[in-house]
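Undergrad: Sending over a structure as structure tokens; questions will come in a sec.
There are 2 protein chains.
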Amino acid sequence: MVTSLLKQVSFFKDLSNGDIRKIFSIAGIKIYAPGQMVFAKEDLGNNFFIVKTGRIKIFTTVGGGKKKTFAYLKKGDFFGEMSLLGGRVRSASAQAMEESELFVISRKNFKRLICENPDFSLKLLHTLADRLHKANKEVESMLFHNILGRLAEAILELSKDKHTKPVKMAIDQNELAQYLGTTRVPVCRAINTLKRGGIIDYRRGELVILNQARLQSMAGN
Amino acid sequence: MVTSLLKQVSFFKDLSNGDIRKIFSIAGIKIYAPGQMVFAKEDLGNNFFIVKTGRIKIFTTVGGGKKKTFAYLKKGDFFGEMSLLGGRVRSASAQAMEESELFVISRKNFKRLICENPDFSLKLLHTLADRLHKANKEVESMLFHNILGRLAEAILELSKDKHTKPVKMAIDQNELAQYLGTTRVPVCRAINTLKRGGIIDYRRGELVILNQARLQSMAGN
Numbered sequence: 233m234v235t236s237l238l239k240q241v242s243f244f245k246d247l248s249n250g251d252i253r254k255i256f257s258i259a260g261i262k263i264y265a266p267g268q269m270v271f272a273k274e275d276l277g278n279n280f281f282i283v284k285t286g287r288i289k290i291f292t293t294v295g296g297g298k299k300k301t302f303a304y305l306k307k308g309d310f311f312g313e314m315s316l317l318g319g320r321v322r323s324a325s326a327q328a329m330e331e332s333e334l335f336v337i338s339r340k341n342f343k344r345l346i347c348e349n350p351d352f353s354l355k356l357l358h359t360l361a362d363r364l365h366k367a368n369k370e371v372e373s374m375l376f377h378n379i380l381g382r383l384a385e386a387i388l389e390l391s392k393d394k395h396t397k398p399v400k401m402a403i404d405q406n407e408l409a410q411y412l413g414t415t416r417v418p419v420c421r422a423i424n425t426l427k428r429g430g431i432i433d434y435r436r437g438e439l440v441i442l443n444q445a446r447l448q449s450m451a452g453n
Numbered sequence: 233m234v235t236s237l238l239k240q241v242s243f244f245k246d247l248s249n250g251d252i253r254k255i256f257s258i259a260g261i262k263i264y265a266p267g268q269m270v271f272a273k274e275d276l277g278n279n280f281f282i283v284k285t286g287r288i289k290i291f292t293t294v295g296g297g298k299k300k301t302f303a304y305l306k307k308g309d310f311f312g313e314m315s316l317l318g319g320r321v322r323s324a325s326a327q328a329m330e331e332s333e334l335f336v337i338s339r340k341n342f343k344r345l346i347c348e349n350p351d352f353s354l355k356l357l358h359t360l361a362d363r364l365h366k367a368n369k370e371v372e373s374m375l376f377h378n379i380l381g382r383l384a385e386a387i388l389e390l391s392k393d394k395h396t397k398p399v400k401m402a403i404d405q406n407e408l409a410q411y412l413g414t415t416r417v418p419v420c421r422a423i424n425t426l427k428r429g430g431i432i433d434y435r436r437g438e439l440v441i442l443n444q445a446r447l448q449s450m451a452g453n
């Protein structure tokens with residue numbers, strides 16, 4: 233039953249029941265309170281995590297307290313592989329945004345999963361390739377677009393799991409600013425521009441996409 | 233003998249002789265002339281490449297002909313895995329900078345290598361994690377540093393294989409500008425600032441690092 237439950241979430245969807253049972257048998261479970269850090273940038277990293285429930289923010293901070301959010305992870309997403317595959321030090325911080333349960337897998341068991349379960353490796357490779365693609369697109373986008381294009385891109389990215397018509401999502405301006413790695417004022421201005429253009433609506437922390445096609449063309453898709 | 237030759241280059245260093253023979257037996261070889269495109273962004277991608285000899289530039293272009301170089305690849309480096317692991321379309325362009333010989337591996341054989349050779353998967357995972365780390369650092373660096381810090385970072389990154397003392401490398405200002413995804417003028421200004429500070433010397437296309445420690449601290453390392 234656990235196996236079939238797990239198969240509903242993205243990380244496990246493409247894995248065989250045998251693979252999932254294997255992961256389950258070697259993983260511990262840890263619970264994090266809202267706001268609790270899972271690890272901080274520069275920590276020594278020895279564990280790989282899969283989100284069982286909840287929401288995890290991956291972000292970095294640089295001198296002056298400026299933050300940049302790389303991703304919000306949810307049920308079935310994984311993180312922490314970077315310091316098991318490359319440098320031993322965490323390259324970003326991870327924090328629970330709400331109460332979250334995580335599967336925790338040690339460095340040794342992580343290597344064993346890769347060596348013994350090709351589907352697990354393939355899944356990891358697909359996800360890393362996808363994250364790399366996004367990071368490269370972000371570099372491009374920072375070089376070639378202005379804040380409006382980047383905001384349009386961020387809204388599309390953050391709302392891609394929402395299936396209501398029109399698309400609605402709860403997000404506050406500080407979160408959006410951190411996602412773009414900028415401050416609140418330019419984001420607030422850009423939001424107002426999109427509102428005046430009839431492309432989105434935004435009030436009391438709820439963003440509604442009114443014109444998806446224009447948002448896409450602004451994002452350069 | 234081919235196997236022992238291959239073991240000298242980075243991609244093959246950690247692979248067993250059996251793995252290398254396997255790669256070799258299923259790979260074709262193609263030769264590219266200086267300036268020849270291996271593939272262009274948006275092409276359908278069906279092959280994975282390993283550099284046997286030569287130098288390959290990975291870059292992207294966006295409206296207006298602006299270019300951004302992601303990497304220079306040399307003997308033993310690989311590329312082309314992104315459209316075999318994710319979307320089928322090339323996310324960047326690849327071009328030979330000099331005459332280059334490439335091992336060419338089809339989509340089907342690439343999948344087979346992953347499924348049958350865990351060391352090959354591990355090697356791919358390590359490299360993707362490393363590239364992702366660099367891309368994230370670049371996003372950070374674009375958000376938090378000015379052009380001087382980014383130039384310092386690029387010089388350190390591009391010179392990390394040079395082992396002369398002091399470190400010397402041939403690179404022209406246009407290449408540096410493309411690496412940073414900017415134009416020649418700000419790069420030229422930043423180079424002059426570093427020269428005046430006694431941190432580098434640069435003349436006739438040759439860059440010499442005079443003060444590695446200060447370069448590192450400017451790069452935020």
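Residue numbers (my numbering), protein chains in the order written: chain A, 233 to 453; chain B, 233 to 453.
We put the beta carbon where it would ideally sit given N, CA and C, even for glycine.
#1: Can you list the residues of chain A that D404 of chain B reaches, using a CB-CB cut of under 7 Å?
#2: With 8 Å set as the bound, which would you pick, yes or no: does the beta-carbon of A367 of chain B sit closer than that to a beta-carbon of chain A?
#3: Within the same chain, show all residues whose beta-carbon is closer than 6 Å to that of E330 of chain B, passing over the 5 residues directly before and after it, in chain order.
#4: Decide if Q268 of chain B is buried, meaning its Cβ has at least 16 other Cβ atoms within 10 Å, or exposed.
#5: Just the Cα atoms here: how many angstroms apart are K392 of chain A and G308 of chain A?
#6: Along chain A, in chain order, which residues have C-beta atoms closer than 9 Å to that of T301 of chain B?
#7: Less than 8 Å separating the beta-carbons of R344 of chain A and L316 of chain A?
#8: What are the uninterrupted segments assigned as beta strand (DSSP E) that are 3 or more residues long and contained completely in the segment 311-392 of chain A, given in chain order?
#9: Quick check: is the beta carbon of E370 of chain A nearer than 8 Å to any beta carbon in chain B?
#10: Assuming S323 of chain B and N368 of chain A make a contact with CB atoms under 8 Å, what is their CB distance in whole Å?
#11: Cutting at 6 Å between CB atoms, please list the residues of its own chain near S341 of chain B, excluding the five before and the five after it.
#12: So is E370 of chain B buried or exposed if we call it buried at 16+ other beta carbons inside 10 Å?
#13: If you run the structure through DSSP and keep just helix, strand and coil, what is K457 of chain B?
#14: Please say whether F352 of chain B and F281 of chain B have beta carbons closer to each other than 8 Å?
#15: Please report whether the beta-carbon of E389 of chain A lies at a distance below 8 Å from any beta-carbon of chain B.
#16: Relative to the ligand ADP, is the shortest distance from any of its heavy atoms to the C-beta of C420 of chain A smaller than 7 Å?
#17: Can you list the residues of chain A that N354 of chain B reaches, using a CB-CB cut of under 9 Å?
#18: Are the segment 382-397 of chain B and the segment 426-441 of chain B in contact at 8 Å, needing three or more beta carbon pairs?
#19: So, K284 of chain A versus F291 of chain A, is the Cβ gap smaller than 8 Å?
#20: Examine chain A for any beta-carbon lying closer than 8 Å to the beta-carbon of T292 of chain B, and answer yes or no.
TA: The short version:
#1: Within chain A, no residue comes near D404 of chain B; the closest Cβ sits about 20 Å away, beyond 7 Å.
#2: yes
#3: P266, G286, R287
#4: exposed
#5: 16 Å
#6: Simply none; closest approach about 11 Å.
#7: no
#8: 325-328, 332-338
#9: yes
#10: 7 Å
#11: The sequence as given places Asn at residue 341 of chain B; Ser does not occur at that position. So the qualifying residues of the chain are I258.
#12: buried
#13: Look at the range of chain B in this structure, 233 to 453, and you will see that residue 457 of chain B is not part of it.
#14: no
#15: no
#16: With respect to the ligand ADP, the structure offers nothing, as it holds no ligand at all.
#17: It should be noted that the sequence gives Leu, not Asn, for residue 354 of chain B. Within 9 Å Cβ-Cβ: L317, K343, I346, C347, S353.
#18: yes
#19: no
#20: yes
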